[in-house]
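Participant: Structure provided below as structure tokens; questions to follow.
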Amino acid sequence: MPPENLANGQNHLARRKRYRRLYFGVMAAGIVGYLVLIFVWNSVESDVIAVAAVGIYWLAFVIALGIHHLGPVELEDERQREVGEKAAMVSVMAVGFVLILGAPGSVTLEQTGVYTAPSWFSGMMWGYALLFGIYALAHGYMKRQYS
């Protein structure tokens, strides 16, 4: 491999690393800024501080989206994308397992008077069901895009 190709590859990897750090740094700053301002808001109880906390969080999110989508390099390589896809699939499978067992199980136990689940459990089951509904719609849409 010619030395200029090696130098170009190293420059590309260095840029990717720099933009990944910038991306995650902006996200971390937004989250920490939000948490700090919410802590301050709990002591001062000024609604302006609560609104500023959310504004900082959203601003960091928008900046991170800009870095991710408009940056000069992709933030992830093929290996990182594959790891993310596998982690997403494991997560969806775990949520599906909990939903398949938890939803009918809690309804049956509650109807028979054996056990009444806390109210947050019902909300969690509805949230998981919504997640799967969104996944099904997104999967169908992507399937049409690639056929």
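Residue numbers for the sequence shown follow our numbering, beginning at 7 and rising by one. For each residue, glycine too, the CB sits at the ideal point set by N, CA and C. Just so we're clear, the structure is a prediction, and the values are computed from it rather than from any experiment.
For Met95, collect the residues of the same chain with a Cβ closer than 8 Å to its Cβ; drop the 5 residues on either side in sequence, then sort them by chain order.
Facilitator: none
Participant: With DSSP as the reference, label Pro124 as helix, strand or coil.
Facilitator: coil
Participant: Assuming Ser153 contacts Met131 under a Cβ cut-off of 8 Å, what Cβ separation, rounded to an integer in Å, is found between them?
Facilitator: So it is not a contact: roughly 33 Å between Cβ atoms.
Participant: Pair every Cβ in the stretch 61–73 with every Cβ in the stretch 28–39, then say whether three or more of these pairs are closer than 8 Å.
Facilitator: yes
Participant: Roughly how many angstroms lie between the CA atoms of Gly139 and Val46, to the nearest whole one?
Facilitator: One alpha carbon belongs to Gly139, the other to Val46, and they sit about 38 Å apart.
Participant: Starting from Gly153, trace the alpha helix (DSSP H) in both directions and tell me its first and last residue.
Facilitator: What sits at residue 153 in the sequence shown is Ser, not Gly. That residue, Ser153, is in no alpha helix (DSSP H); it is neither H nor E in DSSP.
Participant: Count the other CB atoms within 10 Å of the CB of Tyr121; is the residue buried (16 or more) or exposed (fewer)?
Facilitator: exposed
Participant: Suppose you measure from the CA of Val38 to the CA of Arg85; what does that come to, to the nearest Å?
Facilitator: 29 Å
Participant: Can Glu116 and Ala109 be called in contact, C-beta distance under 9 Å?
Facilitator: no
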